[in-house]
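Under full-length UniProt numbering, the first residue of the sequence shown carries the number 1, and numbering increases by one thereafter.
By construction, the Cβ of each residue, glycine as well, lies at the ideal position given by its N, Cα and C atoms.
Because the structure is a prediction, the values reported are computed rather than measured.
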Amino acid sequence: MQNQILDYFNIRVVQRNLVYVIGIPQKYAEEEALKRHEFFGQFGSIKKIIINKRTHFCDPFRCTAEPTAIGIKGQVLQGDLIKNAESTASAYITFNSDNEAKWCIQEVDESMLDGKILRCTYGTTKYCSFYLKNIPCQNNECMYLHENRPPNDILTKDELLSTKHKLHDFEPNNRGVERIGKRKRFDFLDDIIHLKTHITFKPPRRILFEPKDFNQM
């Protein structure tokens with residue numbers, strides 16, 4: 001039984017409502033910006049965003065995309081992938097549902113943003129250590145798993161680092177074209193609404209009304 005628990009401590013689990021994105025230009029690497037409708041907010045309700053602004057050289061096919069604030073764990077790459085990673089950030093975006101995350105990946109993976117290629121796939125997480133020990137977790141904001149997941153969602157660390165494939169098996173819909181970051185006809189509509197709520201109109205102090213006899217006109 002002890003060996004089985006140790007195995008569970010060393011596995012990673014595909015989290016179907018977590019999207020891992022790299023290639024984000026630094027000027028957009030802010031939580032409020034990425035939550036906007038013209039960015040990732042259009043795909044559904046976002047529960048949490050963790051952003052890594054440090055330049056990294058991480059291949060989305062091989063990264064261990066864990067939802068931690070520490071940073072990215074991955075392998076050092078060479079050539080074009082390094083050039084594309086320069087001056088870019090990465091993000092873990094947790095959606096409210098699996099379908100929202102899948103739609104996001106389908107639409108955004110391999111699309112363009114300000115000349116940068118965005119690459120995204122599912123993120124991975126791990127089982128909560130308290131859950132594995134059959135102890136109630138006291139962290140109300142714990143992002144790790146507290147339920148069993150199917151075997152096809154489970155990977156060892158070695159499998160995750162050695163795989164040359166993304167953690168999804170569907171084709172992108174917008175390869176090489178701009179998909180997010182497009183402004184609508186009414187630019188920054190949420191800002192307009194915000195400003196509108198702060199506008200007050202004062203009523204006129206006095207209204208003059210002089211009746212006229214239309215029979216004499």
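- Within the region 23-56, the complete alpha helix (DSSP H) segments of 4 residues or longer fall at 31-35, listed in chain order.
- The C-alpha of Lys157 is placed about 33 Å away from the C-alpha of Gln42.
- Taking all protein chains in view, the Cβ of Glu100 is crowded by 16 or more other Cβ atoms within 10 Å, so the residue is classified as buried.
- Ile51 places its beta carbon less than 7 Å from that of Ala89.
- Considering only Ser87, Ile105, Lys202 and Arg179, the residue with the shortest C-alpha distance to Arg54 is Ser87.
- In the three-state scheme derived from DSSP, where H, G and I count as helix and E and B as strand, Asn17 is classed as strand.
- By the criterion of a C-beta distance shorter than 7 Å, Cys137 is surrounded in its chain by Cys128, Phe130, Tyr131 and His146, once the five residues flanking it on both sides are discounted.
- Taking C-beta atoms as the reference points, Pro172 and Asp114 fail to come closer than 7 Å.
- Collapsing the DSSP output to three states places Phe130 in a helix.
- For Asn148, the number of other beta carbons within 10 angstroms of its own is below 16, and it is reported as exposed.
- In this structure Asn10 is exposed. Its beta-carbon is surrounded by fewer than 16 other beta-carbon atoms within 10 angstroms.
- As DSSP reads the structure, Ile93 sits in a beta bridge with Val19 and Ile49.
- Excluding the 5 residues flanking it on each side, Glu210 has no same chain C-beta neighbour closer than 6 Å.
- When C-alpha distances from Ile180 are compared across Phe39, Val14, Lys27 and Ile105, the shortest belongs to Phe39.
- Residue state for Ile105 is assigned as helix, using DSSP reduced to three classes.
- For Cys120, the CB contacts under 8 Å within the same chain, skipping 5 residues up- and downstream, are Val19, Tyr20, Val21, Ile22, Pro60, Cys104, Ile105, Val108 and Asp109 in chain order.
- For Lys133, the number of other beta carbons within 10 angstroms of its own is below 16, and it is reported as exposed.
- Relative to Tyr8, the option among Val14, Tyr92, Lys126 and Leu167 whose CA is nearest is Lys126.
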